[in-house]
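Residues in the sequence shown are numbered from 23 upward in steps of one, following our numbering. The beta-carbon is built from N, C-alpha and C at its ideal position, and this holds for glycine as well.
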Amino acid sequence: GFEDLCIVVGYIERNEGPGKPFYNAAAVIQAGRQTFNHRKNLLPFYDVFDEQRYFEAGTALTIFPLKGQTVGIAICEDLWNDKGEAGYPVRNNPLAQYRAAGVEVLLSLNSSPFVHDKLAQRHAAIAENLGDMTLVYVNQWGGQDELVFDGQSFVVQRQSILYQSQEVKVDEFAVVDCAALSSAAKPSPPQPAVKGQRAQVDLYDLLVLSVRDYVQKSGFEQLVLASSGGIDSALVAQIACDAVGPKQVHAVRMPSVWSSSGAGRDAIALHAALGCWDYEVPIAHLELVASLNQQFSTQTDPENLVTQVLAADRYSTVADQNIQARLRDVYVMHFSNAFGAMPLSTGNKTESACGYYTHFDMNFSFAPLKDLYKWQVFALATAGGRIPAEIIVKPPSAELAPDQTDEASLLPYAILDPLVQAYIEDYVNEFDAFKTWVEHAAVDGRRISMDLTRLRGWLQARGSSARYQSLIKLIAGMEYKRRQTCPGPKVSKVAFGMGRRIPIVKKFH
């Protein structure tokens with residue numbers, strides 16, 4: 023039987039008194055009945071967290087005996103207020119209070135979403151503040167909308183990691199004997215469990231997990247995407263195949279008159295390597311543009327907008343480029359609507375920051391690369407070994423006009439990626455501050471660019487300061503586009519989406 027089994031389970035408790043309508047709570051269940059109850063003390067209200075909108079904060083610790091040990095309960099944020107009152111807006115400090123109360127084992131229930139290097143940060147904070155307590159840290163696993171939870175549960179005792187789950191791509195049910203592990207543990211400080219190549223593997227696995235969960239929890243089995251033969255769509259196709267299986271992935275090639283023959287060959291080779299379905303639906307946009315403009319120009323009244331624009335020779339030929347992307351969107355959505363496959367977007371964070379995509383071109387169901395800089399796209403595409411080398415080495419291009427390349431239209435990604443990261447994640451918007459940020463990142467060993475030497479050279483070049491400010495202004499002005507994009511997994515400190523709330527109409531930059 024289960025008479026001796028103690029279970030701690032999180033739940034939503036209704037607040038019958040004054041205040042917000044609910045508590046974020048955990049119940050202790052022993053011998054088939056609830057024996058203790060914990061209400062979360064610290065309610066986060068920043069980034070993607072909105073708990074203070076709905077939950078009333080608990081005010082008490084929960085301590086109970088279990089097989090000769092004194093056990094306490096914490097819920098996620100309850101762990102992270104142990105640095106003194108000056109750095110926090112609240113006085114309550116559950117971790118310090120549990121430590122002072124002589125608690126031996128602290129059970130921590132968490133829904134802590136993944137952010138790059140967050141596991142190392144968890145280890146460091148806990149090692150500094152845990153004291154003699156044993157911490158059993160259990161974290162949610164799986165994807166939910168823009169959030170992806172990495173699991174990576176662990177047990178820490180006296181600055182030694184007794185247990186650490188290693189895989190983020192599979193659910194795990196582990197039985198941990200703290201007493202047995204403790205006797206064999208070496209008193210070494212916790213080390214970051216993910217670095218270098220391991221971090222890259224974990225990032226890829228979490229992208230796959232986020233797609234799989236979003237698709238399956240939304241009731242879909244099949245995926246469809248536009249496949250251009252470029253590196254972004256190639257990586258999305260690979261992630262999709264790993265998430266739901268290649269026979270559930272439909273990759274549609276839609277060449278126009280400006281598409282290179284190499285792009286088509288590369289896409290076909292990619293689809294063959296991945297084992298997904300390949301389709302070709304050419305688009306004929308020039309004839310359509312001519313027909314549309316002929317019909318729009320039937321008005322002759324001088325007060326008519328079309329008449330005025332044509333008379334002043336102000337017709338925007340960029341529209342002739344963008345209609346290609348819009349036609350591709352229509353064809354992908356038709357496939358989705360007709361055959362029941364969820365459409366994936368292929369845009370990345372750097373493009374989204376600069377608005378370097380056709381308006382509404384990122385409004386499908388899910389965007390796996392939405393929070394990835396271009397250097398991360400290249401790194402993941404290269405690491406897998408399944409994407410043809412021809413796709414990886416050729417200059418990125420939207421191929422909406424002859425001889426068009428992304429870097430000629432904007433800046434080299436070696437410069438643009440860190441510029442976007444500094445502005446979005448660390449709120450750097452002055453040129454001199456950006457130069458300092460770059461050097462600090464280099465000293466800290468953080469990878470921010472695919473070519474740090476090229477970045478440093480650009481920072482010293484004439485005209486770079488003015489170009490920097492123009493790009494900052496461009497990024498600030500593209501909020502109207504970003505607001506209308508589909509969700510994608512958050513993997514960085516600050517992502518576009520629910521955690522970054524910026525007005526669309528504004529005067530500041």
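Test item: CB-CB of residue i and residue j under 8 Å
| i | j | result |
| --- | --- | --- |
| Val274 | Tyr379 | no |
| Ile305 | Ser278 | yes |
| Gln222 | Ala405 | yes |
| Gly369 | Lys503 | no |
| Tyr236 | Gly153 | no |
| Pro509 | Ala363 | no |
| Val197 | Lys512 | no |
| Cys200 | Ala259 | no |
| Lys140 | Asp100 | no |
| Phe400 | Ile409 | no |
| Ile497 | Ala420 | no |
| Ser319 | Leu310 | no |
| Phe176 | Ser134 | no |
| Trp102 | Ala147 | yes |
| Gly41 | Glu73 | no |
| Ala49 | Ile97 | no |
| Thr92 | Val125 | yes |
For residue i, three-class secondary structure by DSSP
| i | result |
| --- | --- |
| Thr372 | helix |
| Pro440 | helix |
| Phe361 | helix |
| Arg234 | helix |
| Pro268 | helix |
| Gly94 | strand |
| Gln56 | strand |
| Glu429 | helix |
| Gln506 | coil |
| Gly499 | helix |
| Cys28 | strand |
| Arg61 | strand |
| Ile305 | coil |
| Ile253 | helix |
| Gln188 | coil |
| Asp300 | strand |
| Gly286 | helix |
| Val279 | coil |
| Val516 | coil |
| Ala403 | helix |
CA-to-CA distance, residue j to residue i, given in whole angstroms
| i | j | result |
| --- | --- | --- |
| Tyr226 | Gln398 | 10 Å |
| Leu247 | Gln52 | 50 Å |
| Thr156 | Leu128 | 6 Å |
| Ile526 | Asn326 | 29 Å |
| Gly32 | Gly284 | 54 Å |
| Glu38 | Ser492 | 54 Å |
| Gly106 | Ala444 | Below a pLDDT of 50, predicted positions are generally treated as unreliable, and Gly106, at 47, falls in that range; no measurement from the model is reported. |
| Glu461 | Leu441 | 13 Å |
| His293 | Pro268 | 9 Å |
| Ile183 | Ser130 | 15 Å |
| Leu83 | Tyr45 | 14 Å |
| Ala289 | His307 | 21 Å |
| Arg180 | Ala149 | 8 Å |
| Thr372 | Arg55 | 52 Å |
| Lys529 | Ile494 | 14 Å |
| Ile34 | Gly479 | 55 Å |
| Ile446 | Ser313 | 42 Å |
| Pro212 | Gln174 | Note on Pro212: pLDDT 42, under 50, position unreliable in the model; no value is reported. |
| Arg251 | Leu257 | As written in the sequence, residue 251 is Gly, which differs from the Arg given in the question. Computed Cα separation, rounded: 10 Å. |
Burial state of residue i (16 or more Cβ within 10 Å)
| i | result |
| --- | --- |
| Ile29 | exposed |
| His60 | buried |
| Ala436 | buried |
| His272 | buried |
| Leu394 | buried |
| Tyr68 | exposed |
| Leu27 | exposed |
| Pro324 | exposed |
| His356 | exposed |
| Pro417 | exposed |
| Ile95 | buried |
| Arg144 | buried |
| Gln330 | exposed |
| Arg287 | exposed |
| Ala430 | exposed |
Whole-number beta carbon distance between residue j and residue i, since they are thought to touch under 8 Å
| i | j | result |
| --- | --- | --- |
| Ala262 | Leu366 | 6 Å |
| Asn161 | Leu117 | So it is not a contact: roughly 17 Å between Cβ atoms. |
| Leu422 | Trp280 | 6 Å |
| Val233 | Ala265 | 4 Å |
| Lys515 | Val230 | Contact doesn't hold; Cβ gap of about 22 Å is too wide. |
| Asp448 | Trp459 | 6 Å |
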